[in-house]
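2 protein chains.
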Amino acid sequence: MEIEVVFGKVLKEFRKERKLSQEELAFICGLDRTYISLMERGKRKPTITTIFVLAAGLEILPSLLVSKTEQKCGL
Amino acid sequence: MEIEVVFGKVLKEFRKERKLSQEELAFICGLDRTYISLMERGKRKPTITTIFVLAAGLEILPSLLVSKTEQKCGL
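For the protein sequence lines, the chains are A and B, in the order given. The numbers in full-length UniProt numbering rise by one with no breaks, and the one at position 5 of the first sequence is 5. The numbers in full-length UniProt numbering rise by one with no breaks, and the one at position 45 of the second sequence is 45.
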């Protein structure tokens, strides 16, 4: 499975854990809702900067988003 | 300091620790040397996929690249 697809699943999990809608996360992060949706479906590859923005919105460390993705990738 | 600038410094540190030239890291990663140079100078924002490729080339976990960047950002 492509890394951005795995990352998208991780992003969705963290968002749902915090009971946030895509709309709410997008607003918090100052991003467009459709961009959140595209990332969650693995259709967009977030940059390092976007990863930091998403993590801040989810109130977690950026490296946690990446390490969960690693684990799901079997690294 | 911008996140991509901090990331670039972290990337350069890991590359130098492994005594790799930009040329060598680019070859290992299948990336262009100029792209490595641009990232190290904070002129490009790597995507999640490129972060995984760089980490594989450096033989470290992608989350380590991100956590070192976090620390330098004071997170």
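Note that beta-carbon positions come from the ideal geometry of N, C-alpha and C, so glycine has one too.
Query                                                                                                                                                                        : Result
So, is the C-beta of V10/A closer than 8 Å to a C-beta in chain B?                                                                                                           : no
Closer than 8 Å is the cut-off here; do at least three beta carbon pairs connect the segment 29-49 of chain A with the segment 52-61 of chain B?                             : no
Using 8 Å for Cβ pairs, my map puts V6/A next to S63/B. What's the rounded Cβ distance?                                                                                      : Between S63/B and V6/A the Cβ distance is about 13 Å, and since that is not below 8 Å, they are no contact.
Identify the residues that DSSP records as bridge partners of T47/A: which are they?                                                                                         : T47/B
Taking CB distances under 8 Å as the criterion, tell me whether E4/B reaches chain A.                                                                                        : yes
Along chain B, which residues have their Cβ under 7 Å away from the Cβ of F14/A?                                                                                             : Simply none; closest approach about 14 Å.
Which same chain residues end up closer than 6 Å to K68/A when comparing Cβ atoms and leaving out the 5 residues on each side of it in sequence?                             : V10
Please identify, using Cβ separations under 7 Å, the residues of the UniProt domain "HTH cro/C1-type" (11-65) of chain B that lie next to chain A, in order along the chain. : K45, P46, T47, I48, T49, I51, F52, L61, P62 and S63
Please report how far the alpha carbon of R41/B lies from the alpha carbon of G8/B, in whole angstroms.                                                                      : 6 Å
On the CB-based measure, 16 or more other CB atoms within 10 Å of its CB, does G74/B come out buried or exposed?                                                             : exposed
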